[in-house]
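Chains as they are written, first to last, in this note's numbering: chain A, 1 to 583; chain B, 584 to 1166.
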């Protein structure tokens, strides 16, 4: 059997409770009748469904004697032993997508398909032969229903860091071998004058290190996220799951969004060649970006996390503890607290501006202000009699802003913690600086809620210059440390890898002092621009020769289409000048 | 003849002076020898070159008796009368790209290819038979060399608005017919309860109107840009060209970047279905985004505009006038001016926060501060003996920031001017509000250099709520006004169009009071989600049925690959429960 999970419909994604597929119970035959009453009810976006699956778990509205019992799950066979759709079942491919082409993404339209009563998944409840709805006597925890989904989101968070790491590896390596622009633009006597590696240009350097730092930040928070699941001992003890679920929602929304955005900027960092599929980076963002909308659209996810923040805010205001990610709300236990007085003092020096401890204080203060402000506005609306839904929607932009502040701050906290825990000093130093790059870049490129002054911004820009200059010698090492392919490989060089390191010297000022240096190959990256040996032009040229269009020359269709537009007599002359034209 | 323009090389794009292709003159035969001395010298990214072109204008370093004379242009025949490459010429396709698949993008490698002396383009200079370099006596203006390029960039600016308009038309229409989420989330007795059009969600509404306003802003600035060329009377009078060129560079960089980013966000606004090619919007950004790096990478372009800003700054400080886009610098003619004292007063009311005049003052002040600040920093560096190149690179992030502020402000000024010029009152009111949306969105989502206070930001957020609520009834009309396809069609409905308007009522609260209402069809959009009649689910389903993968079922390869993994006996049973499993 090949089974798939058929939940979303053409007309329903985020609002699962609104699914339109129905499952009416027929007492006479002890069967459920699964049906798609409208086009919107067609199951859509189901992986593996269109061409491959033989069975599906169909999510449908259970209806007993006309009474709705909500969404339940029905084991449904789709195809017979000849792999033909069973009667009443229409399945197929949803059509070409932007990327992710290897996935069989299908639709399913049900026309009164009957499945036996026993095919409703019945661990927590079942329907008797007489059509009675019975909840299971087994003590259950309703939270378990979404544990799997939360775990899947945790994996997507960590994955966001991994995907971004691929792109940054390519862009960073290429930016060290790609030279463009004379070292001295005004006084270059010859076109053969030396040119600069593009990483020496400050905007390029900033963009690269910003995404590098983000990739580290996401990897660290992804590790933390998954470690939270390791701490859940059993399906019976899920007390911390709601908090984890809310954090996972916010982080899933934000990290998948930032990662996709980062991949595209790294593609742009590769200039024109980043548009070639052979670059390896061209399709990263488009193949990846479905993750920003799938498994919970990112705005929907951010707003889900916002509920948790507002709950924590209420708890703090009621004098209750708000440990973990929301600890910055504790000051609100004092109802007379003056937020303005809590603002961190401006950095007094470049060193302080580079210090993650100072930056973390800024982030926590911003989160505090953002969460408290929108909380106040919501309270005012509730007090004025505005309904919850309306008030929530009115403040949605501010809520998303608060979640963004909260998640970015929590990521910074975890990044800093991880960096501090590194024993090797040069490695710790580099990671601490990268942590500051992460923090400052998200101030420089983000509306910072009016909490950073013009002069402090100037100091932070100077800090960014210093940090990225300091990190420049470790640029390639810091991406090699991603060990791609290396998620599950050893760090020991193979014979093949050793031969590659010989020409690895193409990367300038490559500092091998960091302990994380590993020997990667190009198996996973498949990138002409991100080659470990730096031989990008050879790789681009070789890739072009393999183009499908280069198999035939003249191209197929030349005789039928192009030839008749050409003046063949003139063309016959070739690269010569006709006698009458000689000057 | 099919001719192409062969300038960029595998190793050279932005630094045209560094092109590696050589043209050595051979006195004995009166020929130039064109050669690609390295892989990096291979011509690359040339449209039409790989499979179609018979001739090319090859940009190469002219070398006479070992002396370099810079880049010149050589008419070169590539293929013979059988469309086979001539001796010494290797041409082909550069390989698959991210998008833009209809374009024959080629490479050209030259191995000592000889062309007659007369094939060097010689309007401004020529080489004598003896190999002497002679400048033309004809009085020429060197500016004319880049007039064409500037005009091309002007077209790309206007185009950016047109491409973004396509995406926003799709996303806006779809957001009015797409319903998701119960109107009352807490008390919904049935899954059939009414749901909200997604445009009613404030974050979605904000994202849509932000991009709509940006599309209008870019279209207006594009019109202005191209009108500047209309004012140039002849190739001899090009005095204003440098200013136009600089403005075009900055606007080209910024608008192509913002448009691509906007298209992707609009794609995300379409949720999961935005990932389907049938959505029409899926591939917009990827097909378009090469424009951000081609014809001048956007950062390179922004920095080119920065030179003009710094020149204007110096002029203002020297007491000279700085008219047009840089008029805000005039205050610097007074050396004792106190910038802090010039800050516009905070908006005192919601009305003032919505007023483009107030917003324009904020933008001009931001530009003034950004330009003056980075100018001061550059001056300090020059005074300390830092070279121009180094100082410029050190300040590059701040220079790009200043250009961004300048261009966004100038776009606002032109938008406001255009809106004020509209005679029809409801139309002028709507466009003025849209102008404010453009202005405020670029404050809310941008680091505003510490010049907007926390409380002013709050007021601007309230203003945005009000503006987008006011504009909501005109949402569909404002995208229909793009008249797609309508760049060159009349606004009169055809019979077909009239039948479509019948079901056009699917769009809620559709206000037809604006005079710009036109009757568009779906010929250009080719979008299931952006259908004029709003029948998106029918269109998605029909598109899926046409999928290549749905032509055969079971799929080709089923017998060879999948069948042997299946337990056919079990599958033969179908949707029945086996007797021994009956509960």
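Yeah, the Cβ is synthetic: ideal placement off N, Cα and C, and Gly gets one too.
Distances from the alpha-carbon of residue 674 of chain B to those of B:707, B:625, B:708 and B:686 put B:625 closest. A contact between stretches requires three or more CB pairs, one per stretch, nearer than 8 angstroms, and the region 161–171 of chain A fails this requirement with the region 53–73 of chain A. In this chain, the alpha helix (DSSP H) harbouring residue 791 of chain B covers 785–813. Between the alpha carbons of residue 76 of chain A and residue 737 of chain B lies a distance of about 58 angstroms.
Taking all protein chains shown into account, residue 79 of chain A has 16 or more neighbouring C-beta atoms within 10 Å of its C-beta and is therefore buried. Residues of chain A whose Cβ lies closer than 8 angstroms to the Cβ of residue 720 of chain B do not exist, since the nearest Cβ in that chain is about 15 angstroms away. DSSP places residue 1109 of chain B in no beta strand (DSSP E); its state is neither H nor E.
Contact residues of the region 1021–1049 of chain B toward chain A are 1026, 1027, 1028, 1029, 1030, 1031, 1032, 1033, 1034, 1035, 1036, 1037, 1038, 1039, 1040, 1041, 1044, 1047 and 1048 (C-beta to C-beta distance below 9 angstroms). In summary, the residues of the region 618–649 of chain B whose CB is separated from some CB of chain A by less than 9 angstroms are 621, 622, 623, 625, 627, 628, 633, 634, 635, 637, 638 and 644, in the order they occur in the chain. The Cβ-Cβ distance between residue 4 of chain A and residue 36 of chain A does not fall below 9 angstroms. Within the same chain, and ignoring the five residues on either side of residue 993 of chain B in sequence, the residues whose Cβ sits closer than 6 angstroms to its Cβ are 908.
For secondary structure counted as the beta strand (DSSP E) over 3 or more consecutive residues, the region 35–110 of chain A holds these complete runs in sequence order: 43–47, 55–64, 67–77, 89–93 and 105–110. Annotation: the continuous alpha helix (DSSP H) that includes residue 963 of chain B extends over 939–966. Only those residues of the region 4–19 of chain A whose C-beta falls short of 8 angstroms from the nearest C-beta of chain B are listed: 8, 10, 11, 12, 13, 14, 15, 17, 18 and 19. Beta-bridge partners of residue 26 of chain A (DSSP): A:31.
Here DSSP, grouped into helix, strand and coil, assigns residue 710 of chain B to strand. Closest in alpha carbon position to residue 654 of chain B, among B:601, B:1157 and B:690, is B:601. In this structure, the straight-line span from the alpha carbon of residue 223 of chain A to that of residue 85 of chain A is close to 43 angstroms. If you draw a straight line from the Cα of residue 684 of chain B to the Cα of residue 634 of chain B, it is about 14 angstroms long. Residue pairing for residue 120 of chain A: DSSP places it in a beta bridge opposite A:74. Listed as beta-bridge partners of residue 718 of chain B by DSSP are B:708.
Residue contact check for residue 2 of chain A against chain B: a CB pair falls below 9 angstroms. With 16 or more other CB atoms across the displayed protein chains lying within 10 angstroms of its CB, residue 55 of chain A is buried. Under the Cβ distance rule, residue 1061 of chain B does not count among the residues neighbouring chain A, no pair being separated by less than 9 angstroms. Nearest neighbour of residue 950 of chain B by Cα position, chosen from B:1065, B:964, B:926 and B:697, turns out to be B:926. In terms of Cβ geometry, residue 851 of chain B and residue 128 of chain A do not form a close pair [threshold 9 angstroms]. Under the 9 angstroms criterion on CB atoms, residue 927 of chain B is classed as non-interfacial with respect to chain A.
Excluding its 5 nearest sequence neighbours in each direction, residue 286 of chain A has C-beta neighbours in its own chain below 8 angstroms: 98 and 99, listed in chain order. Secondary structure note for residue 444 of chain A: its alpha helix (DSSP H) is the uninterrupted segment 425–444. Residue environment: residue 758 of chain B is assigned as buried (16 or more neighbouring CB atoms within 10 Å of its CB, all protein chains considered).
What residue 550 of chain A touches in chain B, judged by beta-carbon distance under 9 angstroms, is 633, 634, 675, 676 and 678, going in chain order. For residue 172 of chain A, there are no C-beta contacts with chain B under 8 angstroms, since the nearest C-beta of that chain is about 17 angstroms from it. In the structure shown, the three-state DSSP call for residue 588 of chain B is strand. Looking at B:944, B:705, B:734 and B:632, the one whose alpha-carbon comes closest to that of residue 672 of chain B is B:632.
For the region 394–406 of chain A, the set of residues with a beta-carbon nearer than 7 angstroms to any beta-carbon of chain B comprises 394, 396, 397, 398 and 400, in chain order. Closer than 9 angstroms to the CB of residue 859 of chain B there is at least one CB belonging to chain A.
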